[in-house]
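Data block below; observations after.
In the numbering used here, the protein residues as written are 6 to 389.
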């Protein structure tokens, strides 16, 4: 553990996402379906039918790639320099993004001058940005670093990209930030809520963990609350917070153990990021709880245990799709081209019924999603 004087990211960044405007929760997998029950059927029955239909559609989804812009010539990016700064590559998905984004840029001749990891605390960030200035980079790409922690005034005219800070379509990038590729976290949150309603038959008892300081956290929590209220209002849900540092130091495991010990009727655990599920699952196991888990990110470290552990469902929004969208945005900035507002990343559900159809030990986009995202993006990196 870091010394106590170190400022933990979660505690200092809690309010950063407070101004997010939640856009409407919509996707091709979440279209409203006509109720199958009579007009006098209880609302919760109709809600469960809606949740089941949305969940089933995402489970069977065949994803389709659509590029949100025109082709452009990336050759001018060759030889330019990029610094990459991550808030915490101990989190598997952040490490996966960092490595994939770096490889994608390097494949176009871009030099990565640094891949710096703050380790979940904010203390190292100023020196990482200072190093980028010293190296005279052409672009800085941050990974899960809120804009409020970026010393824009000290960076001169170096453009800075954030990632996943807008968290939903329609949310503007922060002032001074050049672009922010992001998943639509409302899709994942809605599907987690649908899974809870369906598997709990409308009367489950869940603990949902958000994570203080993560821009997508309040977006996801608000959607889960709204979706549960709409489709299974009789269910019980306790919403808790787990700052990033607690995921790995034993704190979250203890919190989960205490929760299911104090209330043995808890049926579901829903940590909204799947790196949290190791701790929450370990806590439930230590308490001999049979509570089942769902989450989001579909990282291989977690997916490998899906179905055989307490984790029964993970929402997969392709990490390669996001990573190459970030590469695309970076190349556009390096070549003077406008960045699309929304890369349109969609999602698929994985659970016990279909996890056996893929090799869950390594994320292979063709195997998991039927799309080679690196190849699809590359088609647009040559002037037409």
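Idealized CB from N, CA, C, for every residue including glycine. All values reported here derive from a predicted model rather than from experimental measurement.
DSSP state of residue i mapped onto helix, strand, coil
i: residue 253; result: coil
i: residue 386; result: coil
i: residue 239; result: coil
i: residue 65; result: coil
i: residue 300; result: strand
i: residue 355; result: strand
i: residue 60; result: helix
i: residue 244; result: strand
i: residue 151; result: coil
i: residue 205; result: coil
i: residue 186; result: coil
i: residue 311; result: coil
i: residue 215; result: strand
i: residue 276; result: strand
i: residue 178; result: coil
i: residue 34; result: No answer about residue 34 holds up, because its pLDDT of 38 lies below 50 and its placement is not dependable.
i: residue 157; result: helix
i: residue 229; result: helix
i: residue 210; result: strand
i: residue 46; result: Confidence at residue 46 is low in this model, with a pLDDT of 44, below 50, so the placement of that residue is unreliable and no value is reported for it.
Integer-rounded CB distance, given that residue j should sit under 8 Å from residue i
i: residue 337; j: residue 134; result: Incorrect: roughly 22 Å between the Cβ atoms, too far for contact.
i: residue 53; j: residue 202; result: 6 Å
i: residue 131; j: residue 144; result: Their Cβ separation, rounded to whole angstroms, is 19 Å, which puts residue 131 and residue 144 out of contact at 8 Å.
i: residue 184; j: residue 344; result: 4 Å
i: residue 208; j: residue 239; result: 5 Å
i: residue 160; j: residue 320; result: Actually they do not touch by this definition, with Cβ atoms about 35 Å apart.
i: residue 305; j: residue 367; result: 5 Å
i: residue 302; j: residue 138; result: That pair is no contact at about 32 Å.
i: residue 210; j: residue 241; result: 4 Å
i: residue 200; j: residue 60; result: 6 Å
i: residue 86; j: residue 118; result: 5 Å
i: residue 324; j: residue 102; result: 7 Å
Inter-residue spacing [alpha-carbon to alpha-carbon] between residue i and residue j
i: residue 167; j: residue 334; result: 11 Å
i: residue 93; j: residue 122; result: 6 Å
i: residue 219; j: residue 358; result: 31 Å
i: residue 266; j: residue 141; result: 54 Å
i: residue 177; j: residue 155; result: 17 Å
i: residue 348; j: residue 169; result: 12 Å
i: residue 332; j: residue 116; result: 13 Å
i: residue 363; j: residue 351; result: 18 Å
i: residue 246; j: residue 73; result: 35 Å
i: residue 283; j: residue 70; result: 31 Å
i: residue 187; j: residue 88; result: 19 Å
i: residue 83; j: residue 311; result: 41 Å
i: residue 384; j: residue 339; result: 18 Å
i: residue 376; j: residue 63; result: 16 Å
i: residue 152; j: residue 100; result: 20 Å
i: residue 232; j: residue 51; result: 13 Å
i: residue 182; j: residue 150; result: 12 Å
i: residue 342; j: residue 380; result: 20 Å
i: residue 175; j: residue 148; result: 20 Å
i: residue 67; j: residue 162; result: 42 Å
i: residue 346; j: residue 179; result: 13 Å
i: residue 261; j: residue 285; result: 5 Å
i: residue 126; j: residue 296; result: 32 Å
i: residue 307; j: residue 280; result: 7 Å
i: residue 360; j: residue 354; result: 9 Å
i: residue 287; j: residue 365; result: 20 Å
i: residue 31; j: residue 249; result: In this prediction, residue 31 has a pLDDT of 37, which is less than 50 and means its spatial position is unreliable; what the coordinates show is noted afterwards. Rounded to the nearest angstrom, the two C-alpha atoms are 28 Å apart.
i: residue 223; j: residue 57; result: 24 Å
i: residue 204; j: residue 300; result: 14 Å
i: residue 356; j: residue 378; result: 23 Å
i: residue 292; j: residue 322; result: 32 Å
Within-9 Å CB hit, residue i to chain C
i: residue 364; result: Note that chain C does not occur in the displayed structure, where there is just one protein chain.
> Are the region 104 to 120 and the region 317 to 334 in contact at 8 Å, needing three or more beta carbon pairs?
Replying inline: yes
>> Suppose only complete runs of 3+ residues qualify. What are the beta strand (DSSP E) ranges in the region 76 to 148, listed by chain order?
In response: At a cut-off of 3 residues, the continuous stretches assigned as beta strand (DSSP E) that sit fully inside the region 76 to 148 are 86 to 91, 116 to 122, 144 to 148.
> Taking contact to mean at least 3 C-beta pairs separated by less than 8 Å, is the region 222 to 241 in contact with the region 178 to 196?
Replying inline: Using a C-beta cut-off of 8 Å, the region 222 to 241 makes contact with the region 178 to 196, since at least three inter-stretch Cβ pairs fall below that distance.
> Three or more C-beta pairs closer than 8 Å, one from the region 249 to 259 and one from the region 304 to 319: is that the case here?
Replying inline: no
> Would you say the region 270 to 280 touches the region 203 to 215, given that touching needs at least three Cβ pairs under 8 Å?
Replying inline: Yes, they touch.
>> Which complete beta strand (DSSP E) runs does the region 320 to 384 hold, if anything under 3 residues is left out?
In response: 353 to 356
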